[in-house]
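Peer 1: Residue numbers (UniProt numbering): 1 to 408.
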Amino acid sequence: MMLHRKMQHLYVGCDVHKHQHTAVIIDCFSEKLGELTFPNKKNDFTKLISFVKRHTPQGITPVFALEDVLGNGRELAIFLLERNYKVKYVNPSLSQSERKNQASINKSDSIDSQCVANVLLNKLDALPDAVPNDLHWALNELVTKRNTLVKNNVVLKNQIHTYLSHHYPNYKNFFFSLDSKTALEFFKAFPSPSKLNGITIQKLTAFLSEKSHHNCSEKKARQILDYVEKDGDTTNEFQDLRDFIVTSSIKQINDNTAIIASIEDNMKKLIPQFGYKLESMKGINTVTAAGIIAEIGDISRFPNADTLAAYAGISPMRYSTGQTNKNFSNKLGNRNLYQIFFQIAVSLLSDPKGKPTNAYFYDYYKKKLSCGKTKKQSIKCIMRKLVNIIFKMMRDKSEYREPVIPME
1 MMLHRKMQHL YVGCDVHKHQ HTAVIIDCFS EKLGELTFPN KKNDFTKLIS FVKRHTPQGI
61 TPVFALEDVL GNGRELAIFL LERNYKVKYV NPSLSQSERK NQASINKSDS IDSQCVANVL
121 LNKLDALPDA VPNDLHWALN ELVTKRNTLV KNNVVLKNQI HTYLSHHYPN YKNFFFSLDS
181 KTALEFFKAF PSPSKLNGIT IQKLTAFLSE KSHHNCSEKK ARQILDYVEK DGDTTNEFQD
241 LRDFIVTSSI KQINDNTAII ASIEDNMKKL IPQFGYKLES MKGINTVTAA GIIAEIGDIS
301 RFPNADTLAA YAGISPMRYS TGQTNKNFSN KLGNRNLYQI FFQIAVSLLS DPKGKPTNAY
361 FYDYYKKKLS CGKTKKQSIK CIMRKLVNII FKMMRDKSEY REPVIPME
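(1) Quick check on the DSSP output: the alpha helix (DSSP H) that includes residue 26 runs from which residue to which?
(2) In chain order, what residues of the same chain have a beta carbon less than 7 Å from the beta carbon of residue 266, not counting five sequence neighbours either side?
(3) Thinking C-alpha only, which one of 30, 45, 161 is nearest residue 37?
(4) Taking the alpha carbon of residue 280 as the reference point, which residue from 3, 47, 359, 393 has its own alpha carbon closest?
(5) Give me the Cα-Cα distance between residue 40 and residue 296, rounded to the nearest whole angstrom.
(6) Please tell me whether residue 64 and residue 12 are closer than 7 Å, where the distance is taken between their beta carbons.
(7) Below 8 Å on the Cβ atoms is my guess for residue 192 versus residue 167; work out the distance and round it to an integer in Å.
(8) Return the residue from the list 290, 372, 303, 374 that minimises the CA-CA distance to residue 337.
(9) Considering only C-alpha positions, which residue in the set 372, 376, 382 is nearest to residue 362?
(10) Short check: CB of residue 247 to CB of residue 212, under 7 Å?
(11) Between the alpha carbons of residue 317 and residue 330, how many angstroms are there, rounded?
(12) Does the contact criterion of 3 or more C-beta pairs under 8 Å hold for the segment 19-38 versus the segment 114-129?
(13) Please classify residue 132: does DSSP put it in a helix, a strand, or coil?
(14) Hey, residue 156 and residue 249 are a contact pair by Cβ (cut 8 Å); roughly how many whole angstroms apart?
(15) In the DSSP output, which residue or residues are listed as bridge partners for residue 36?
(16) Please determine if the segment 203-223 and the segment 173-189 are in contact, where contact requires at least 3 C-beta pairs separated by less than 8 Å.
(17) If you follow the beta strand (DSSP E) that residue 92 is part of, which residue opens it and which one closes it?
(18) List the residues that DSSP assigns as beta-bridge partners of residue 383.
(19) Consult DSSP for residue 86 and reduce its assignment to one of helix, strand or coil.
(20) Could you tell me the distance, in whole angstroms, from the CA atom of residue 67 to the CA atom of residue 132?
(21) Inspect the beta-carbon positions of residue 139 and residue 259 and report whether they are closer than 7 Å.
(22) Measuring CA to CA, which of 226, 263, 298, 310 is closest to residue 276?
(23) Where does residue 150 land, buried or exposed, given buried means 16+ other C-beta within 10 angstroms?
(24) Got a sec? Which residues, its chain only, sit under 6 Å from residue 388 by beta carbon, not counting five neighbours each side?
(25) Look at residue 94 and residue 69 and say whether their C-beta atoms are less than 7 Å apart.
(26) Pull up the distance between the alpha-carbon of residue 358 and that of residue 386, whole angstroms please.
(27) Kindly indicate which three-state DSSP category residue 15 falls into: helix, strand or coil?
(28) Nearest CA to the CA of residue 110: which residue from 77, 123, 15?
(29) What does the alpha-carbon distance come out to for the pair residue 34 and residue 401?
(30) Is it buried or exposed for residue 9, if we count other Cβ within 10 angstroms and need 16 for buried?
(31) Jot down the residue ranges of each uninterrupted alpha helix (DSSP H) in the segment 160-199, minimum 4 residues, whole runs only, in chain order.
(32) Per the DSSP calculation, residue 61 is bridged to which residue(s)?
(33) Using the rule of at least 16 other Cβ atoms within 10 Å of the residue's Cβ for burial, across every protein chain shown, is residue 3 buried or exposed?
(34) Cα-Cα, which of 238, 340, 326 is closest to residue 286?
(35) Could you tell me which residues DSSP puts in a beta bridge with residue 66?
(36) Which same chain residues end up closer than 6 Å to residue 205 when comparing Cβ atoms and leaving out the 5 residues on each side of it in sequence?
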């Protein structure tokens, strides 16, 4: 008698962590057969194989599922694939939903592993295969590292703003932006007005001229000193400690900025190895292209642009019951990828010179506005069109071709 295809497998769900993993085996009836916790070390992965073999009857094959195949679970996924086991990737949101469907909502490694196994059983054909590609992993690590450093710099700059507002009440009038190299160098050398004691206009002018590559003149130096004199004595208790925090924060920003530049150089070396030509489109630079590739991964796992749009949370959610049919804005999906498409869409409509970066998309945006859509809805329409274009560019590894605007 031929068995149903789901009866031909055992289902192994793995909850992966930094130091150890937990695996739970279930059969096709969701009956738990066993559980194992083992170290996250390649030499100990054989314990999992032996454990699974003891519970696998003759003629039955095990299928594994992991929540993470690029981070903590990457080594385990590679180990299993090298031994020709079938490995599936389970999105954490699916296992979380499975856990919430239980009568009693508890959380442990054992419960999480069983939820992963249940998702594997119920969605065996729908789940993507685990593909821990080394090239994707390397680029993903660079993107993650850069994003972390950028966020750290934002936190540090906010901290500096807080201190400078007490030290220099008019500090925002000193320079156009605190992000400029000249501004950072000035506040690093003079974190509070007390550090300017004995500094003449000539000395300050020479300092600013050197740091700004001769863009700041004596007028700027005089303006700063006038503001300092106008503010009066702003010395606070523990002023030396306050100054230290400002200078050390600026040093951290400079160090992070240098590392970010190095990361972007490495991105430029990695991206050509994928064969994609995303940077041929205006609005997509090295960082944006790296973010798209890292978030999408292997483009072949998406059969069409519709599934990619749904994955990014750009396509609407449909609600239908009886004679009621409604569409709602999708708040789910990959929000990082959603944000990247949003930034590209906005960049295509704006330009410092007052002209749109892409005339085709600007014309499309105006048409959507004339149809009664809001600005936010019109931008989302552009994002959806961008998904179609980028999907084809990645699938075919082709360059961007500017669409022709029809003559009216």
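Every residue gets a Cβ at the ideal spot worked out from N, C-alpha and C, and that includes glycine. Given the structure is predicted, the values throughout are model-derived calculations rather than measurements.
Peer 2: Walking through what the data contain:
(1) For residue 26, no alpha helix (DSSP H) encloses it; the enclosing beta strand (DSSP E) starts and ends at 20-26.
(2) Answer for residue 266: 142, listed in chain order.
(3) 45
(4) 393
(5) 27 Å
(6) yes
(7) Sure, about 4 Å apart at Cβ, within 8 Å.
(8) 290
(9) From the listed residues 372, 376, 382, the smallest Cα separation to residue 362 is found for 382.
(10) no
(11) 5 Å
(12) Contact holds: three or more Cβ-Cβ distances are below 8 Å.
(13) coil
(14) The C-beta distance from residue 156 to residue 249 rounds to 5 Å, short enough to meet the 8 Å contact threshold.
(15) 23
(16) The segment 203-223 vs the segment 173-189: in contact.
(17) Note, residue 92: premise wrong, no beta strand (DSSP E); alpha helix (DSSP H) at 92-100.
(18) In DSSP, residue 383 forms no bridge with anything.
(19) strand
(20) 12 Å
(21) no
(22) 298
(23) exposed
(24) Closer than 6 Å at Cβ, skipping near neighbours: 305.
(25) no
(26) 12 Å
(27) strand
(28) 15
(29) 55 Å
(30) buried
(31) 181-189
(32) 9.
(33) exposed
(34) 340
(35) 14, 89
(36) 218, 221
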